[in-house]
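Numbering (my numbering), first residue to last: 5 to 166.
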């Protein structure tokens with residue numbers, strides 16, 4: 005094994021580890037980092053561990069998960085009868101929360117934004133809290149899916165590293 009191969013394997017491993025953190029810390033795209041890690045490992049080992057078809061399938065799944073990560077909280081909001089103001093409040097709160105209180109600000113911001121949006125829309129406090137809860141559950145479901153994906157990718161990386 006050459007020095008370059010070892011360096012690439014270490015870089016790929018760092019991407020795989022960062023992917024796990026990225027599933028929770030929103031600005032870092034966890035599944036995308038997992039994909040990069042698998043591609044780096046495949047390149048370092050002359051495309052031996054993972055076939056191009058497998059990597060393409062992982063890339064498609066990565067794109068699907070990244071899109072789903074934004075859709076699931078909206079599904080949660082709709083399930084709990086969110087208004088447009090609540091949905092927009094959630095999005096604005098999520099974006100603001102990332103910068104104000106990372107990484108947990110995304111959850112607190114989404115919840116608070118939905119709550120404020122629902123109150124502006126004229127909903128009762130309990131109804132507004134329910135919508136915030138739905139968005140929180142949607143965020144947790146998205147994180148769970150991304151963590152599962154990145155955990156499996158890390159397992160595949162480690163088992164094929166040497």
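Beta carbons: idealized from backbone N, C-alpha and C, even for Gly. Please read all numbers here as calculations on a predicted model, not as lab measurements.
Per-residue burial, residue i [other beta carbons within 10 Å of its own, 16 or more giving buried]
i, result
"residue 77", "buried"
"residue 50", "exposed"
"residue 4", "As displayed, the chain neither begins before 5 nor continues past 166, which places residue 4 out of reach and without an answer."
"residue 44", "buried"
"residue 122", "buried"
"residue 152", "exposed"
Between the CA atoms of residue j and residue i - distance to the nearest angstrom
i, j, result
"residue 60", "residue 129", "47 Å"
"residue 110", "residue 154", "20 Å"
"residue 125", "residue 133", "13 Å"
"residue 12", "residue 71", "29 Å"
"residue 75", "residue 38", "21 Å"
"residue 95", "residue 68", "20 Å"
"residue 145", "residue 28", "11 Å"
Residue i - containing alpha helix (DSSP H), residue span
i, result
"residue 77", "56-83"
"residue 46", "34-48"
"residue 155", "129-164"
"residue 13", "7-26"
"residue 52", "Element bounds for residue 52: n/a, residue is neither H nor E."
Within 9 Å, strictly: CB atoms of residue i and residue j
i, j, result
"residue 150", "residue 26", "yes"
"residue 85", "residue 135", "yes"
"residue 139", "residue 157", "no"
"residue 81", "residue 97", "no"
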